[in-house]
Structure formats: structure tokens, C-alpha cells
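Engineer: Heads up: the sequence shown is residues 11 to 203, going by our numbering. Every residue gets a Cβ at the ideal spot worked out from N, C-alpha and C, and that includes glycine.
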Amino acid sequence: MTASHMLLLVPFALALLLSKPAESAGVCQRPRPWTVNGMDPMAQARADKQIVVLALMEARACGICVRQAKAMESLLTMLRQRERSYQLGNLSFMIVNHHMAAGSIRFIEGRVSFPVYQENANKQIWPAVDGAKDDIIVYDRCGGLVSHLKWPKSDLTKPHLWQAIQRAKWSKACCKQQTTEPPTISDGGKVEP
11 MTASHMLLLV
21 PFALALLLSK
31 PAESAGVCQR
41 PRPWTVNGMD
51 PMAQARADKQ
61 IVVLALMEAR
71 ACGICVRQAK
81 AMESLLTMLR
91 QRERSYQLGN
101 LSFMIVNHHM
111 AAGSIRFIEG
121 RVSFPVYQEN
131 ANKQIWPAVD
141 GAKDDIIVYD
151 RCGGLVSHLK
161 WPKSDLTKPH
171 LWQAIQRAKW
181 SKACCKQQTT
191 EPPTISDGGK
201 VEP
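The following block contains the structure:
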């Protein structure tokens, strides 16, 4: 690593050391499993040892959602271009659109190269991840919660997401704590052991 690369990382390292997760409750816990069209994106990400950045959006005429989606795409593109510098390894971005905004998902899908999943009213995803509109949630390679950013900390014009991704990259605590799978959610939205 060159000296100029190290100088670029100093502010991020300081911010990382001085910051703490936006919410400490539930850190290292996995969300309840959820599926979309028969797929379990979180289980696949764990199998592939990916850091996951999950954004919860309600696309219905939401200027903030469109801006956030574009910012996520820009961040992912930048991270991929500078992979050797940041050494993040596998990184997966995904968005879950709220079931009440299903007709507007196209406003987000056309702006990103990563998956945009559509929640449905019978099998809601947001409750499985204890999320709300505009939340961004970061999980480590083992599927453990690293950071749950709520608005305004989830605003991508601020450094909080970058700091959470760095914590997910360098922290090994969650992987050591994972021993059991969380309960699943049935198609009716009920929690099952």
C-alpha cells in the first residue's frame, strides 16, 4: 500500500475508531430468515461469505429513495474499482421495496445493478429484519448484524454506511458468536421456532 493510499484511509480509520454502531441492541444477531420468489438472499450471502448492505425503501414517488439508490450504486461501483485498496472482499448490496409501493419498484430497479426485492403483504420482510423506511442494515460475512442505520444516519451523503462496512470487514466478533439459526417466518407472517 502506498503512502497516498494510507493517507486516504486515515480519516476513515479515525472515524471507525471513534464511531460506534448506530444501535447496539441486537449486534451480531441474525435476522429471521426471509425469502423472495423462493430464494433466501441472506442465506446465499452467508454461504458466499459476503458482507451484506440491505436498504429498506418505499419507492412510491420517493425522491430520497431514488437519491439513496443512486448513491448506493455509486458507492458499490467505487468500492469495486478500488477493491485492491479497500480489501473488502465479497460485498453484496440489496434493496427491499415495501409491499405498499410495489407498483413503483421500477423507480429504483432502473438505477442500480444489484438486486431490488419486492416484499409482499403476505410475507413481509421488513419485520423480519426489524426495519423501517429508509433504514440501511449491514451484516457481516456470517450474517450477524453489524449496524442498523436509521434515518438520518442512513443518509448516504454522510459517512455512516462506509464506517459500518469497515466494521463488518474488520470485526470478527459476530462470526465467533454464531451458533444457531434464528426462527423462521411462515408465509402467514408468524414466527416459527
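For the candidate residues R116, W172 and K186, whose alpha-carbon lies nearest to that of L86?
Structural biologist: For L86, the nearest C-alpha among the options comes from W172.
Engineer: Rounded to a whole number of angstroms, what is the C-alpha to C-alpha distance between K186 and K133?
Structural biologist: CA-CA distance, K186 to K133, rounds to 31 Å.
Engineer: Could you check how far apart the C-beta atoms of M49 and P41 are, in whole angstroms? I think they sit under 8 Å.
Structural biologist: Going by Cβ atoms, the distance from M49 to P41 rounds to 15 Å, so no, they are not a contact pair.
Engineer: For F124, which of helix, strand or coil comes out of DSSP?
Structural biologist: coil
Engineer: Does the distance from the C-beta atom of M82 to that of L159 stay below 8 Å?
Structural biologist: no
Engineer: Could you pull out every residue in the same chain whose Cβ sits closer than 8 Å to the Cβ of P31, ignoring the five residues on either side in sequence?
Structural biologist: Low local confidence applies: a pLDDT of 43 at P31 is under 50, so the model's placement there is unreliable, and no value is given.
Engineer: Any chance you could list the alpha helix (DSSP H) runs of at least 4 consecutive residues sitting entirely within the segment 34–58, in chain order?
Structural biologist: 51–57
Engineer: Just to confirm my understanding: we take R77, look at its own chain, exclude 5 residues before and 5 after, and list those with CB closer than 7 Å. What are they?
Structural biologist: none
Engineer: Since I135 and V126 should fall inside the 8 Å C-beta cutoff, what is the C-beta to C-beta distance between them, to a whole number of angstroms?
Structural biologist: Incorrect: roughly 12 Å between the Cβ atoms, too far for contact.
Engineer: Taking C-alpha atoms, which residue in A65, D140, N130 and P137 lies nearest to I118?
Structural biologist: Ranking the options by Cα distance to I118, first place goes to A65.
Engineer: Does the distance from the C-beta atom of H108 to that of N130 stay below 8 Å?
Structural biologist: no
Engineer: Compare the beta carbon distance of V62 and S123 with 8 Å and say whether it is the shorter of the two.
Structural biologist: no
Engineer: Taking 7 Å as the cut-off, is the CB of W136 close to at least one heavy atom of the ligand ATP?
Structural biologist: Ligands are entirely absent from the displayed structure, and the ligand ATP is therefore not among its contents.
Engineer: Of the choices E68, R151, T45 and P162, whose alpha-carbon is the least far from that of K112?
Structural biologist: In the sequence on display, residue 112 carries Ala and not Lys. Comparing Cα positions, the closest option is E68.
Engineer: Cα separation between L89 and A57?
Structural biologist: 21 Å
Engineer: Name, in chain order, the residues that DSSP records as bridge partners for A65.
Structural biologist: I105 and I146
Engineer: Less than 8 Å between the beta carbons of D140 and S164, yes or no?
Structural biologist: In this structure, S164 does not lie closer than 8 Å to D140 by Cβ.
Engineer: If you drop the 5 nearest sequence neighbours on each side, which residues of the same chain put their C-beta closer than 7 Å to that of D150?
Structural biologist: I61, V156, A178, S181, C184 and C185
Engineer: Going by the DSSP bridge assignment, what does S157 pair with across the sheet?
Structural biologist: For S157, the beta-bridge partners assigned by DSSP are V148.
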